[in-house]
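What follows is one structure encoded as structure tokens, with my remarks underneath.
Protein chains: 2
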Amino acid sequence: MDFLIHVDQTSGVALHRQIYDSIRGAILSGRLRSGEKLPSTRALSKTLGIARATVTMSFDSLLSEGYIEASVGAGTFVSRALPEELMRPAVQSIDPASLEVITPKVKARIRGRKRKDGSEPGSSGEASSAGDPDKVQGYRLSWYATALRSRQWLNFSAEEPAVQLSFGRPAMTEFPMRVWNQLLLHHARKRNLGILDSPANAAGFMPLREQLAAYLSRVRAVACQPEQVIIVNGSQQGIDLVARVLIDRGDDVCIEDPGYIGAQKAFEGQGANVLPIPVDKQGIVVEAMKEREIIQPGFSPQLIYVTPSHQSPTGVVLSVPRRLELISFARRVGAYIVEDDYDSEYRYKGRPIPALAGLDHAGTVVYIGTLSKVLFPSLRLGYLVVPLDLAEVFTRAKWLADRHSPLLEQQVLCDFIRLGHLERHVRRMRNLYDQKRKLVIESLKQHFGSAATVLGDAAGINVVVRIASVLNDHEIVERAKAAGIGISSTAHCYLSQPPRGEFQINYAHLKEEAIDMCIEKLAEIAL
Amino acid sequence: MDFLIHVDQTSGVALHRQIYDSIRGAILSGRLRSGEKLPSTRALSKTLGIARATVTMSFDSLLSEGYIEASVGAGTFVSRALPEELMRPAVQSIDPASLEVITPKVKARIRGRKRKDGSEPGSSGEASSAGDPDKVQGYRLSWYATALRSRQWLNFSAEEPAVQLSFGRPAMTEFPMRVWNQLLLHHARKRNLGILDSPANAAGFMPLREQLAAYLSRVRAVACQPEQVIIVNGSQQGIDLVARVLIDRGDDVCIEDPGYIGAQKAFEGQGANVLPIPVDKQGIVVEAMKEREIIQPGFSPQLIYVTPSHQSPTGVVLSVPRRLELISFARRVGAYIVEDDYDSEYRYKGRPIPALAGLDHAGTVVYIGTLSKVLFPSLRLGYLVVPLDLAEVFTRAKWLADRHSPLLEQQVLCDFIRLGHLERHVRRMRNLYDQKRKLVIESLKQHFGSAATVLGDAAGINVVVRIASVLNDHEIVERAKAAGIGISSTAHCYLSQPPRGEFQINYAHLKEEAIDMCIEKLAEIAL
Chain A
361 MDFLIHVDQT
371 SGVALHRQIY
381 DSIRGAILSG
391 RLRSGEKLPS
401 TRALSKTLGI
411 ARATVTMSFD
421 SLLSEGYIEA
431 SVGAGTFVSR
441 ALPEELMRPA
451 VQSIDPASLE
461 VITPKVKARI
471 RGRKRKDGSE
481 PGSSGEASSA
491 GDPDKVQGYR
501 LSWYATALRS
511 RQWLNFSAEE
521 PAVQLSFGRP
531 AMTEFPMRVW
541 NQLLLHHARK
551 RNLGILDSPA
561 NAAGFMPLRE
571 QLAAYLSRVR
581 AVACQPEQVI
591 IVNGSQQGID
601 LVARVLIDRG
611 DDVCIEDPGY
621 IGAQKAFEGQ
631 GANVLPIPVD
641 KQGIVVEAMK
651 EREIIQPGFS
661 PQLIYVTPSH
671 QSPTGVVLSV
681 PRRLELISFA
691 RRVGAYIVED
701 DYDSEYRYKG
711 RPIPALAGLD
721 HAGTVVYIGT
731 LSKVLFPSLR
741 LGYLVVPLDL
751 AEVFTRAKWL
761 ADRHSPLLEQ
771 QVLCDFIRLG
781 HLERHVRRMR
791 NLYDQKRKLV
801 IESLKQHFGS
811 AATVLGDAAG
821 INVVVRIASV
831 LNDHEIVERA
841 KAAGIGISST
851 AHCYLSQPPR
861 GEFQINYAHL
871 KEEAIDMCIE
881 KLAEIAL
Chain B
361 MDFLIHVDQT
371 SGVALHRQIY
381 DSIRGAILSG
391 RLRSGEKLPS
401 TRALSKTLGI
411 ARATVTMSFD
421 SLLSEGYIEA
431 SVGAGTFVSR
441 ALPEELMRPA
451 VQSIDPASLE
461 VITPKVKARI
471 RGRKRKDGSE
481 PGSSGEASSA
491 GDPDKVQGYR
501 LSWYATALRS
511 RQWLNFSAEE
521 PAVQLSFGRP
531 AMTEFPMRVW
541 NQLLLHHARK
551 RNLGILDSPA
561 NAAGFMPLRE
571 QLAAYLSRVR
581 AVACQPEQVI
591 IVNGSQQGID
601 LVARVLIDRG
611 DDVCIEDPGY
621 IGAQKAFEGQ
631 GANVLPIPVD
641 KQGIVVEAMK
651 EREIIQPGFS
661 PQLIYVTPSH
671 QSPTGVVLSV
681 PRRLELISFA
691 RRVGAYIVED
701 DYDSEYRYKG
711 RPIPALAGLD
721 HAGTVVYIGT
731 LSKVLFPSLR
741 LGYLVVPLDL
751 AEVFTRAKWL
761 ADRHSPLLEQ
771 QVLCDFIRLG
781 HLERHVRRMR
791 NLYDQKRKLV
801 IESLKQHFGS
811 AATVLGDAAG
821 INVVVRIASV
831 LNDHEIVERA
841 KAAGIGISST
851 AHCYLSQPPR
861 GEFQINYAHL
871 KEEAIDMCIE
881 KLAEIAL
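Sequences listed follow chains A and B, in order. Throughout the first sequence, residue numbering follows my numbering, covering 361 to 887 in sequence. Throughout the second sequence, residue numbering follows my numbering, covering 361 to 887 in sequence.
Shown next as structure tokens:
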């Protein structure tokens with residue numbers, strides 16, 4: 361045997377394990393070749409000065425795992441079933457070029473192979489991320505993956521600035537975390553670890569679905585049965601499930617322009633033909649879809665995605681006439697309305713407007729609710745309210761996606777709603793955010809004067825401001841960043857030509873004293 | 361005005377709210393029609409005996425929400441922008457037939473509309489679930505949804521029997537829940553609610569990814585960087601993401617037959633051409649794929665899905681020669697190997713065999729790890745280890761799917777591994793399960809004798825038993841159910857003709873005394 365078995369009596373690793381490791385290593389690295397004869401256990405025990413039983417133990421393991429094979433009367437051999445090429449040391453290195461050495465034929469074959477549907481996901485005109493997005497080391501990815509790779513992706517900075525205006529985060533210091541943690545511990549202690557592990561419960565913890573159905577009826581005028589409520593991991597999963605269940609490649613999908621990029625990307629990922637519909641002071645311009653109908657007879661979008669409570673990003677609230685017009689249009693052309701009702705809790709002017717899902721009773725609306733912005737973002741819980749006849753297929757889709765959302769947090773949230781904490785918290789926050797909102801508006805008026813126009817301040821936890829500046833958006837963002845302020849222009853939310861100088865100010869999580877300081881600083885930068 | 365405004369001074373609801381509610385209700389129910397003139401605030405205040413300012417407040421709300429509109433000098437009117445048809449009372453009822461009344465034209469149009477790709481997801485030959493699976497109330501669903509609806513779905517009973525042998529559940533009473541809960545409370549108390557809310561972190565909490573990379577290197581011989589580890593909500597989400605990123609409609613996908621149904625359904629949902637590959641005592645028969653290559657020149661499956669540590673459901677361990685043969689084959693034909701390494705922790709005979717991901721260094725293997733069967737099923741955490749060049753696209757797919765997995769549980773799990781609890785727990789359980797496993801086998805021998813053959817007892821937390829019985833599978837299941845025992849035949853795991861009398865016995869969660877009782881009962885039933 362031209363390989364060495366290292367045995368170290370003092371190493372603490374059992375001797376039979378050391379022998380096993382040495383022989384296995386020699387086989388896998390190619391030092392011992394397929395079909396090569398091994399010394400007998402007797403010979404090896406003598407050479408190593410180790411009890412024969414110990415050596416036999418190692419051989420038994422190697423035998424049972426198929427590294428070696430015994431031939432009666434002839435001895436023990438390295439398994440002949442081990443493919444030769446895998447034994448070569450080259451394979452052990454992490455050199456990506458090794459693939460090319462091994463499989464030039466395969467690569468050529470794959471190169472010649474065409475997508476079965478002939479379509480080109482990367483052909484949206486946007487810049488490719490790197491090289492051929494369709495191939496990874498000669499392997500082909502799916503159309504979906506290629507769409508994700510080839511299109512421009514969200515590009516957020518990894519560092520967190522001192523003051524962050526870019527994301528809609530709640531005032532986390534105000535969250536009743538003690539109450540939440542008490543409930544968490546209560547349920548953690550008494551948890552029945554087995555429940556929920558069945559496809560029937562993929563839609564979620566039934567008592568929570570009941571609480572949510574009642575909550576929606578109280579605060580959003582949505583009359584639904586608990587069976588229509590599907591618990592998901594935040595609104596993004598809701599959007600993704602909706603995209604998968606409703607959209608096929610090539611389907612027309614209407615979205616708001618500007619709009620929520622997480623939805624746009626999900627629809628594009630499904631291959632939707634995404635149609636940007638303009639937004640005015642009353643929300644999505646239904647008339648624009650009607651005009652399209654004239655130009656394109658038979659126009660029948662598969663779905664229309666809207667954020668009616670607080671349009672993302674402009675903050676416009678969809679007016680009641682527009683709501684009714686939208687429902688009427690959607691029914692007429694056979695489109696689903698997907699109502700992403702984020703930020704519906706915080707409305708400062710007038711009474712809450714009923715959700716589209718509350719105005720419609722014909723199964724036209726799929727409602728997406730989130731609690732991330734009301735509770736805290738790292739809690740991944742949201743819900744869908746789907747027409748009753750879609751509940752089963754959404755439940756199956758949820759099961760296939762990840763079986764179910766984590767149970768413990770569902771139980772905690774259920775109690776949090778049942779005991780009135782949610783509505784109490786929302787009421788408290790509404791007042792607090794209203795004060796902050798007023799401060800933002802005052803402060804903008806003071807420091808920017810007529811150079812700033814505020815939009816979308818009737819609801820939600822941010823406003824949009826249009827700034828008349830000599831600087832371009834990129835310059836403002838960069839200079840703000842240098843001053844420790846994270847701010848994003850809304851340009852990335854537009855599919856059409858974005859306006860200049862439009863920024864989001866998310867104020868909910870800011871301390872009151874930070875608001876004025878920060879806006880003063882921005883004025884110094886921009887004006 | 362032919363509608364009544366009900367005002368109740370004692371109700372506790374503010375008067376302006378009562379007026380608002382009455383008028384709004386009248387508009388939405390159609391009692392007040394579009395364009396109809398409202399009384400003046402002065403007149404209404406007189407009629408109702410209420411301060412004019414109160415009435416004005418209600419009108420302002422209705423005005424700002426678009427229910428009514430004011431025309432200078434002419435008075436106030438129900439908004440003309442409200443589409444007439446929505447005002448009809450019929451719409452308020454939840455009568456599904458109402459849609460048909462409203463939109464016969466739409467239905468006809470949709471009926472005439474063909475799927476853009478011309479394919480038929482429901483045409484797999486299996487029975488349709490109900491009516492036309494492609495349509496819901498005249499709306500069309502996606503190909504994916506139709507595939508989910510038309511194919512036979514998993515059919516588990518909602519009631520839980522006294523003894524459940526059907527699901528692979530761990531011995532939950534043995535889980536160190538106190539330790540877990542201490543960590544949970546610790547992190548819950550100090551949680552930084554803001555972190556993880558960015559696309560860069562969709563792949564998960566970096567310290568956990570580092571712990572898992574180190575853990576895999578220790579116990580599975582998988583050398584990977586933390587950047588290759590993507591945290592997901594249990595292995596089902598891992599499978600689903602793999603399906604979405606790697607599979608296009610029409611792609612050949614090889615799966616084990618019998619195999620794991622959750623994977624099969626996910627691949628079918630993506631439109632894969634699922635090819636069942638037989639399993640023998642060494643695991644998936646790679647030779648069968650090679651034979652297919654001869655019959656079908658250019659055969660190049662997109663991926664090969666395997667459960668090598670403990671084949672699902674047979675329990676066979678994929679032998680080392682077969683592993684190497686599989687890797688070699690996959691590389692040659694340009695297929696990804698998807699290694700679902702569930703149950704790898706529990707191996708009773710011989711040493712753990714290195715994972716396929718540990719044997720391959722050329723980016724051929726996507727590894728799926730789960731902790732549900734080691735910790736507890738309602739914890740939804742698992743992970744993928746993907747070739748480095750796929751990490752970015754998987755992270756994007758995860759972001760679109762649900763942004764990220766819940767942070768708190770990731771932090772807890774990270775500490776649980778870091779402090780050695782995971783490996784300690786696995787070692788303890790391995791001994792415990794080994795005892796139970798032996799008991800199952802002894803008990804089967806005692807009560808069934810030669811009428812039972814045990815398979816797949818070298819690893820995992822279940823065995824498969826083939827029973828020679830005069831009864832058919834369905835009769836055995838039903839009689840066991842009547843006796844309080846939940847048992848599933850493996851028939852639903854087969855794409856080919858299933859054998860008769862093959863059942864799974866999941867023993868991990870059973871008390872030792874229950875095991876013998878239960879098997880004795882089954883023998884009484886079956887023999």
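Cβ atoms here follow ideal geometry from the backbone N, Cα and C, with glycine treated the same way. The model shown is predicted, which means the values in this text are computed figures rather than measured ones.
Discussion item. Let me confirm a value: B:Asn892 is counted as buried when at least 16 other C-beta atoms fall within 10 Å, else exposed. Which label applies?
Written reply: Given a span of 361 to 887 for chain B in the structure shown, any question on residue 892 of chain B remains unanswerable.
Practice prompt. Flag this pair as yes or no: are the beta carbons of B:Asp701 and B:Ala722 separated by less than 7 Å?
Written response: For the purposes of this step, residue 701 of chain B is taken as residue 341 along the second sequence, with counting starting at 1. For the purposes of this step, residue 722 of chain B is taken as residue 362 along the second sequence, with counting starting at 1. Cβ atoms of B:Asp701 and B:Ala722: not closer than 7 Å.
Worksheet item: Using the beta-carbon count (16 or more within 10 Å), is B:Gly564 buried or exposed?
Response: Counting from one through the second sequence, the residue named residue 564 of chain B turns up at place 204. Counting Cβ neighbours within 10 Å, B:Gly564 comes out buried, since at least 16 surround it.
Worksheet item: For A:Ser829, which option in A:Ala883, A:Gly372, A:Arg682 has the closest C-alpha, if you only look at C-alpha atoms?
Response: By 1-based counting over the first sequence, the position of residue 829 of chain A is 469. Checked all of A:Ala883, A:Gly372, A:Arg682; the closest Cα to A:Ser829 is A:Ala883.
Discussion item. Measuring CB atoms only, is the stretch 520-536 of chain B touching the stretch 628-641 of chain A, in the sense that at least three cross pairs come out at less than 8 Å?
Written reply: In the pairwise beta carbon analysis, the stretch 520-536 of chain B is classified as not touching the stretch 628-641 of chain A: fewer than three pairs are separated by under 8 Å.
Item to complete: Using a Cβ cut-off of 7 Å (strictly closer), state whether B:Pro681 contacts chain A.
Response: To locate residue 681 of chain B, count along the second sequence from 1; it is residue 321. True, the Cβ-Cβ gap to chain A drops below 7 Å.
Worksheet item: Between the Cα of B:Ala573 and the Cα atoms of B:Ile801, B:Gln642, B:Gly729, which residue gives the shortest distance?
Response: If you number the second sequence from 1, residue 573 of chain B lands on position 213. Cα-wise, what sits closest to B:Ala573 is B:Gly729.
Practice prompt. Taking only heavy atoms of the ligand ZN into account, decide whether any of them is closer than 6 Å to the Cβ of B:Gly631.
Written response: Looking at this structure, you won't find the ligand ZN or any other ligand, since it has none at all.
Discussion item. Just to confirm my understanding: we take A:Leu748, look at its own chain, exclude 5 residues before and 5 after, and list those with CB closer than 6 Å. What are they?
Written reply: For this step, residue 748 of chain A is matched to residue 388 along the first sequence. So the qualifying residues of the chain are Gln588.
Worksheet item: Leaving out the 5 sequence neighbours to the left and right, which residues in its chain are closer than 8 Å to B:Asp455 when beta-carbon positions are compared?
Response: The count along the second sequence starts at 1 and reaches residue 455 of chain B at position 95. Since pLDDT at B:Asp455 reaches only 35, below the 50 mark, its modelled position is unreliable, and the value read off the structure follows with that caveat. Spatial neighbours of B:Asp455 in its own chain (CB-CB distance under 8 Å, excluding positions within 5 residues in sequence) are not present.
Worksheet item: Going by the CB atoms, is the gap between B:Tyr706 and B:Gly629 shorter than 7 Å?
Response: The residue given as residue 629 of chain B occupies position 269 in the second sequence. The residue given as residue 706 of chain B occupies position 346 in the second sequence. At the C-beta level, B:Gly629 and B:Tyr706 stay beyond 7 Å of one another.
Item to complete: Starting from the Cα of B:Leu815, find the closest Cα among B:Arg826, B:His807, B:Ile821 and give me that residue.
Response: Taking the first residue of the second sequence as 1, we reach residue 815 of chain B at position 455. Looking from the CA of B:Leu815, the closest CA among B:Arg826, B:His807, B:Ile821 belongs to B:Arg826.
Practice prompt. Could you list which residues in chain B have their beta carbon closer than 9 Å to that of A:Arg740, in chain order?
Written response: Here residue 740 of chain A is taken as the residue at index 380 of the first sequence, counted from 1. Asn593, Asp762, Arg763, His764, Ser765, Pro766, Leu767, listed in chain order.
Worksheet item: Which word fits B:Ala583, buried or exposed, when buried means at least 16 other C-beta atoms lie within 10 angstroms of its C-beta?
Response: Along the second sequence, read from residue 1 onward, the residue named residue 583 of chain B stands at position 223. With fewer than 16 other Cβ atoms within 10 Å, it is exposed.
Practice prompt. Measure from the alpha carbon of B:Val318 to the alpha carbon of each residue in B:Ala874, B:Asp833, B:Leu543, B:Gly718, then state which is nearest.
Written response: Any question about residue 318 of chain B goes unanswered here, given that chain B covers just 361 to 887.
Worksheet item: Straight-line CA distance for A:Ser577 to B:Leu375?
Response: The count along the first sequence starts at 1 and reaches residue 577 of chain A at position 217. The count along the second sequence starts at 1 and reaches residue 375 of chain B at position 15. If you take the alpha carbons of A:Ser577 and B:Leu375, they lie about 22 Å apart.
Worksheet item: Taking the alpha carbon of B:Asp600 as the point to measure from, which residue in B:Leu568, B:Cys614, B:Phe754 has its own alpha carbon closest?
Response: Position 240 of the second sequence, counted from the first residue, corresponds to residue 600 of chain B. Of B:Leu568, B:Cys614, B:Phe754, the residue nearest in Cα terms is B:Phe754.
Item to complete: Reducing DSSP to helix, strand and coil, say where B:Val613 ends up.
Response: Looking up residue 613 of chain B in the second sequence gives position 253. The three-state reading of DSSP puts B:Val613 in strand, counting E and B together.
Practice prompt. Give the residues of chain A in contact with B:Ile607, contact being defined as C-beta atoms less than 7 Å apart.
Written response: What you label residue 607 of chain B is simply residue 247 of the second sequence in a count that begins at 1. Residues of chain A whose Cβ lies closer than 7 Å to the Cβ of B:Ile607 are, in chain order, Ser502.
Worksheet entry | the stretch 656-689 of chain A: positions lying closer than 8 Å to chain B by Cβ | Against chain B - using a Cβ distance shorter than 8 Å - the residues of the stretch 656-689 of chain A are Gly658, Ser660, Gln662, Ser679, Val680, Pro681, Arg682, Leu684, Glu685, Ile687, Ser688.
Discussion item. Determine whether the beta carbon atoms of B:Leu750 and B:Leu741 lie at a separation below 7 Å.
Written reply: Here residue 750 of chain B refers to the residue found at position 390 of the second sequence. Here residue 741 of chain B refers to the residue found at position 381 of the second sequence. B:Leu750 is not a Cβ neighbour of B:Leu741, given a cutoff of 7 Å.
Worksheet entry | Helix, strand or coil at B:Tyr727 [DSSP, three-state] | Counting from 1 along the second sequence, the entry for residue 727 of chain B is found at position 367. Reduced to three states, the DSSP call for B:Tyr727 is strand.
Worksheet item: Applying the criterion that 16 or more other CB atoms from any shown protein chain within 10 Å of the CB defines a buried residue, is B:Val432 buried or exposed?
Response: Start at 1 with the first residue of the second sequence, and residue 432 of chain B comes out as number 72. Exposed.
Item to complete: Kindly indicate the opening and closing residues of the alpha helix (DSSP H) around B:Gln806.
Response: Along the second sequence, one-based indexing puts residue 806 of chain B at 446. According to the DSSP assignment, B:Gln806 belongs to the alpha helix (DSSP H) that extends over 781-808.
Discussion item. I'd like to know if A:Glu699 contacts chain B, where contact means its C-beta is closer than 7 Å to some C-beta of that chain.
Written reply: Residue numbering aside, residue 699 of chain A sits at position 339 when the first sequence is read from its first letter. Closer than 7 Å: no.
Worksheet item: Is there at least one Cβ from chain A nearer than 7 Å to B:Glu651's Cβ?
Response: To locate residue 651 of chain B, count along the second sequence from 1; it is residue 291. Not closer than 7 Å to any Cβ of chain A, the Cβ of B:Glu651 fails to qualify, so no.
Worksheet item: Using a beta-carbon distance below 7 Å, is A:Ser439 in contact with chain B?
Response: For the purposes of this step, residue 439 of chain A is taken as the residue at position 79 of the first sequence. Yes, its Cβ sits closer than 7 Å to a Cβ of chain B.
Discussion item. Which complete beta strand (DSSP E) runs does the stretch 799-875 of chain B hold, if anything under 3 residues is left out?
Written reply: The qualifying runs are 812-815, 822-827, 862-866.
Fill in: Closer than 8 Å at the beta carbon, the chain A residues around B:Asp600
Here residue 600 of chain B corresponds to residue number 240 of the second sequence, with the count starting at 1. The answer, in chain order, is Leu760, Ala761, Asp762.
Fill in: Euclidean distance between Cα positions of B:Asp420 and A:His764
Counted from its first residue, the second sequence places residue 420 of chain B at position 60. Counted from its first residue, the first sequence places residue 764 of chain A at position 404. Each residue's Cα considered, the two are about 45 Å apart.
Worksheet item: How big is the Cα-Cα spacing for A:Ile845 and A:Val837?
Response: Counted from its first residue, the first sequence places residue 845 of chain A at position 485. Counted from its first residue, the first sequence places residue 837 of chain A at position 477. Take the alpha-carbon of A:Ile845 and the one of A:Val837: they are about 8 Å apart.
Worksheet item: Can you list, in chain order, the residues of its chain whose CB lies under 6 Å from that of B:Lys474, leaving out five sequence neighbours each side?
Response: Position 114 of the second sequence, counted from the first residue, corresponds to residue 474 of chain B. Note that B:Lys474 has pLDDT 42, beneath the 50 cutoff, so the model's placement of it is unreliable and the number below is only indicative. Within the same chain, B:Lys474 has no close Cβ partners at all.
Discussion item. For a contact defined as C-beta to C-beta under 8 Å, what are the partners of B:Asn541 on chain A?
Written reply: As a working note, residue 541 of chain B is residue 181 in the second sequence. Result: Leu545, Ala548, Arg549.
Worksheet item: Between A:Leu684 and A:Lys650, what straight-line distance do the alpha-carbon atoms span, to the nearest angstrom?
Response: Here residue 684 of chain A refers to the residue found at position 324 of the first sequence. Here residue 650 of chain A refers to the residue found at position 290 of the first sequence. Taking the Cα positions, A:Leu684 is about 14 Å away from A:Lys650.
Worksheet entry | Cβ neighbours of B:Ser856 in the same chain (closer than 7 Å, five flanking residues each side left out) | As a position in the second sequence, residue 856 of chain B is number 496, starting the count at 1. If we look at B:Ser856 and ignore the five residues flanking it on each side, its Cβ neighbours are Asp617, Pro636.
Item to complete: Give the DSSP-derived three-state secondary structure of A:Pro586 in the structure shown.
Response: Residue numbering aside, residue 586 of chain A sits at position 226 when the first sequence is read from its first letter. In the structure shown, A:Pro586 sits in a helix (DSSP, three-state: H, G or I).
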